[in-house]
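Chain order of the listed sequences is A and B.
FYI, the numbering for the first sequence is 1 to 430, going by the numbering used here.
FYI, the numbering for the second sequence is 1 to 430, going by the numbering used here.
The C-beta atom is built at its ideal place from N, Cα and C for all residues, glycine as well.
2 protein chains.
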Amino acid sequence: MKLEKLVGDRFRERPSDCVVDSHALMVRGGYLKNVASGIFSSYTPLKRVTGKIERIIREEMDAIDGQEVQFPVVMPASLWQESGRYESIGREMARFHDRSGNALVLGMTHEEAAVQLVRDCVRSYSEYPFMIYQIQTKFRDEARPRAGLIRVREFTMKDAYSFHTSQADLEKYYERCHKAYERIYARAGLPEVVSVAADSGMMGGNVSHEFMLLTPVGEDSIVMCRECDYRANREAAEQCGFDMVREGGICPRCGKPAITISRGIEVGNIFQLGTKYTRSMNMTYIDQNGEVQYPVMGCYGIGIGRLAASICEAHHDEYGPIWPLAVAPWQVHLCAVRSDDMQVKAYADKLYVDLQSRGVEVIYDDRQVSAGVMFSDADLLGVPFRVIVSPRNRRQNMVEIVSRDRCFSANAPMEAAAEAIWKILSENAL
Amino acid sequence: MKLEKLVGDRFRERPSDCVVDSHALMVRGGYLKNVASGIFSSYTPLKRVTGKIERIIREEMDAIDGQEVQFPVVMPASLWQESGRYESIGREMARFHDRSGNALVLGMTHEEAAVQLVRDCVRSYSEYPFMIYQIQTKFRDEARPRAGLIRVREFTMKDAYSFHTSQADLEKYYERCHKAYERIYARAGLPEVVSVAADSGMMGGNVSHEFMLLTPVGEDSIVMCRECDYRANREAAEQCGFDMVREGGICPRCGKPAITISRGIEVGNIFQLGTKYTRSMNMTYIDQNGEVQYPVMGCYGIGIGRLAASICEAHHDEYGPIWPLAVAPWQVHLCAVRSDDMQVKAYADKLYVDLQSRGVEVIYDDRQVSAGVMFSDADLLGVPFRVIVSPRNRRQNMVEIVSRDRCFSANAPMEAAAEAIWKILSENAL
C-alpha cells in the first residue's frame, strides 16, 4: 500500500510516559493508540505484525494436531462456579449482569470453556488424546498495566488445551508442545527465548514452564545456574530455599555457588493441569476396562501482543523496530526520493507494481517529502528491506537495496531490480 | 485431518429447541455448542467455515483500499459519553466497572473507537479519503436471542469505517463498498442476496442499505415491487405510507399496485453516517482553503456467524449443510469404507497423503464403522466432494467421487485419483 494513505502518526520525540523502548517505538511509529489504561487499538502496521505471528502459531499448533475452535469472550458465572474459580479469582476478573440479571464474566483464560465444549462429546478412551486451541480476545483487570503491550488489560491470546488418558501421555504431549513453542519463537525471530521451570520441581504440585525473553526491561526475575542447566522463575526458586535466590547463591541442582539472576519477559507458558478442571466440572470418559475416569489436562498460552512487543524489544535501534522478515508488517519499503522527478516516479510506480505481482508485500512512499523524513519514517516502520529509487540512482541506472539493520546493502540494475529484490527475500525467508 | 479425532458430536435427531434448519444442522453436525443464551463456542468445522468467510471479506476490503486495524472489545464509558450514545443506548449495551471504579462498556459497534483512533492523526484534506476495518468480537445484550447463529448476543463482525471530505466522495465510496459486498456474498455462495433501502429515501435523513438473503425463516420483512426495482425494509416502507405495506399495495416508486412482502435475513448493512460522530467527538481536518471541517463518515458491517448460518439456510438438505466450495470446512471428505480391509486402508492412506501434498484440504474417515454412519456423518459436515474408497471400488480399480449436492458423480482410476480430484476442485473454484 501507499504510505501516504497509511493511517497513524509517526514522530521523533520519545513520549515521556513510555518506560520501555517497544512501547515508545510503537507509539512513535503509529502502531497503537491508547484507549484506556491497559487497553489499546492497533493501527495497520501492528495488525499486520500480529497477523503474521498468529499465522506462525496456527501452523505450529496444527502441526501438533491442534484443532482450532473458538470460545466466547463473555461467559456465564455458572461455568466458573463449577470449577470454583468464580470465588477464588479476585478483582482481575471483570464481572457484570445481563438485562435479565444473570451474572456474566469476561474470559481471562478458558479452561472452563474448554471443558464445557468437549465434556459431552469425548466419552471413549479411543478418542484421546486431542488438543483444541483458539486465538481470542481476553480481559484481565490488571491493577498496574504498564510498558505498552507488555502488561495490558485487554489482549489477544492463543490458548490451547490438551486432554489425555494418562499422566504419561500428557507428559509426552507437553514435550511436543514445548518443541512447538521453540519453533514458534525461532520463526518469529526470537530463537534466544529460554524455558524456565515455573514450579519447584521438588515440592510436588503440577509441572509448568515459562518461556522467557531475557532482557533488562523484563518484569520477571529468572534464576539460572552458570554451571548447569538449572533455570527457574523467582517463585519456584524461592520454594527451594532462600539462599539460592541471590547472585552467587547455591544451585539446587548441581550444588555449586553459581546462581545468577536475570530479568525477562514471559512470552508464553505451558502447564500440566492434571484433573483439577475435569474433576470439578465432572468430565469423564470410559477407559479400556469400561471404567469411568477423569481425563488429564494440559494448557498452553501465548500472548500475541506481548510477543510482538518482545520481538520489538529484542530487535530495534534508537530509530525504530527492526522487524524480522517473518513478522514484518511489509517485506519491502520502497522509497521514491524526489518523486517530483517524473522519471523517478514513473520507474518507482512500475517497480511497485512489479514487486506486488511477484507476491512481495510493499509499502510505497511516493510522497513529496525530504529523504530525511522518508528514511526516518521507514526506520519507524522497521521493514527489513528498503529499496531506494532516486535521481542519482537513476542516472547510474540502479536502485539501492538496504536492510533495515544496515548489515546488507546492494545495488541492482533498474531493469532487473524486481527480480533481484525477490531473490534477496527468498534467500532471507526461513 | 482424521475424522476420528475431530471433536464434536454428530447425531440424527433434530433438537426440539431449534426453530431454523441452520441451527438444527449446526447442532446435529458438531459445529457449535451453546454456552449461555445467545452465546456459543465453535467447534473446528464452524471455525474453518468462518475463517474462510473472513478471508474472503479481508480480500474484498483490501481491494477497496481498506486498512485492517483492531479496536478493543472493552471501552471506557467516556468514549461513548462523547458521542452521546452512553445515554441513548439502552440495556443492549453491557456495562461494568473496573477495579478502580471506572465505567466500561463492551463494544456492540465501533464508531466511537474508529473516530478516537484517527482523529488526532488525519488532519489534512490530502490524507482523505480512507477506510479502516476490523474483524472483532462484539457483545449486544439482545432481549430475545434466537435461531442459533442468526440472532445472538456475542458475535464476530467485520465493521468498516470510511472518512471523506465531502458527501459526494462518501457516496462514491459507498457505491464501491456496495459492489464489494455483492462480490463477498457471491464468493461466499450467496449471489442471490439483494440490497434493500433501509431509509425512507423520501424523509431526508441518512442513506443506508441492508443486504438480505430472502428466506421464509428470516425475521425481517422486505417490501418489494413486482413492477419496478423498489425494495425497502418494512420500517423504511412504513415511512412512505401505510397502504403500500401489504401484498398488492401501491408502490411508492412506480405507482402500481404491485407490492409484495417477503421474509429475509439481514446479512450486512451499509450506512452513510454524515458528520454525526465527527462533530460530537470533535474530529476535524483542514481543507484546501485552510478552513476547519468535519469529515463525513460511512460505516459498513457484516456479521460473520450470521452469514455462515445464512449460507447453511440457503444450501442444505434434510441430511446436512451443503457448503459452497469457497467456504466449506474441507474440500474433500475421504471415506475408506471397510477400512478393516488392509488394501482399502493402505490405498486410502496413500490417497490422503497425495491429496494433501497437492494442497487439497481433506477430512479423512478411516473409522471402522458402517458405510451408513460414515455417509450420514459426511452429510452433516457438508463437504462439497466425497471420495469413496471401498472393497468393491477397489476390485474395479476405481474410486468414486460424488458431490454433496448429488449433482455430480464420477469414477476415477485408482492410480490417477488424486490428479482427477484436484482437477475437479480447480474447475469448481471461483
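Query	Result
CB of A:Phe163 within 8 Å of CB of A:Pro129, strictly	yes
Alpha-carbon to alpha-carbon, B:Met244 and B:Ile250	5 Å
CB contact below 8 Å: B:Gln67 versus chain A	yes
For B:Tyr294, the three-state DSSP class (helix, strand or coil)	coil
Neighbour list for B:Thr137 in chain D, Cβ cutoff strictly below 7 Å	In summary, chain D is missing from the structure at hand, where the protein chains are A and B.
Rounded Cβ spacing between B:Leu351 and B:Leu325 (contact assumed at less than 8 Å)	The Cβ separation is near 19 Å, so there is no contact.
Short-range partners of chain B found in the region 34 to 52 of chain A, where Cβ spacing is below 9 Å	Val35, Ala36, Ser37, Ile39, Phe40, Ser41, Ser42, Tyr43, Thr44, Leu46, Lys47, Arg48, Thr50, Gly51
Straight-line Cα distance separating A:Pro45 from B:Gln70	11 Å
Contact the region 118 to 125 of chain A vs the region 114 to 128 of chain B: 3+ CB pairs below 8 Å	no
Where the alpha helix (DSSP H) through A:Gln356 begins and ends	342 to 357
Neighbour-count burial assignment, B:Val19, 16 or more Cβ in a 10 Å radius	exposed
Per DSSP, cross-strand counterpart(s) of A:Arg95	A:Val105
B:Ala143 at chain A interface by Cβ criterion, 8 Å	yes
Any chain A beta carbon closer than 8 Å to B:Glu87	no
Reference A:Met108, options A:Ala77, A:Leu213, A:Gly218, closest by Cα	A:Ala77
Beta carbon of B:Arg404 nearer than 8 Å to that of B:Val383	yes
Cβ contact check for the region 231 to 243 of chain B and the region 168 to 180 of chain B: 3 or more pairs under 8 Å	no
The alpha helix (DSSP H) enclosing B:Asp379, as first and last residue numbers	371 to 381
Own chain residues within Cβ distance below 8 Å of B:Asp444, not counting five before or after	As displayed, chain B neither begins before 1 nor continues past 430, which places residue 444 of chain B out of reach and without an answer.
Identity of the residue in A:Ser370, A:Gln134, A:Asp17 nearest B:Ser42 by Cα	A:Gln134
Contact set between B:Gly8 and chain A, taken where Cβ atoms lie within less than 8 Å	Cys121
Helix, strand or coil at A:Gly51 according to DSSP, with G and I counted as helix	helix
Anticipated Cβ contact below 8 Å, A:His315 with A:Gly218, distance rounded	A:His315 to A:Gly218, Cβ: 15 Å. No contact.
Best match in A:Ser83, A:Ala371, A:Gln81 for proximity to A:Val389 [C-alpha to C-alpha]	A:Ala371
Residue-chain proximity (B:Asp366, chain A), Cβ-Cβ < 8 Å	no
Sequence-distant residues of the same chain with beta carbon closer than 7 Å to A:Arg91, five excluded per side	Asp141
Own chain, CB closer than 6 Å to B:Val49, minus 5 neighbours either side, in chain order	Ala308, Val327, Pro329
Rounded separation between B:Met414 and B:Asp354 - CA only	12 Å
Entirely enclosed beta strand (DSSP E) segments - the region 195 to 238 of chain B, minimum 3 residues	208 to 214, 220 to 225, 231 to 233
Identified DSSP bridge partners for B:Gly268	B:Phe211
Counted within 10 angstroms of its Cβ, other Cβ atoms place B:Ile286 as buried (16 or more) or exposed	exposed
Residues near B:Gln368 by beta carbon distance below 7 Å, same chain, minus five either side	Ser339, Asp340
Exposure of B:Glu68, with buried meaning 16 or more beta-carbon neighbours within 10 Å	buried
Pick from B:Tyr277, B:Glu266, B:Tyr230, B:Met281 that is closest to B:Lys256, judged by C-alpha positions	B:Tyr230
Where B:Cys407 falls, given that 16 or more other Cβ within 10 Å makes a residue buried	exposed
Classification of B:Ala143 by the beta-carbon crowding that lies within 10 angstroms, buried from 16 upward	exposed
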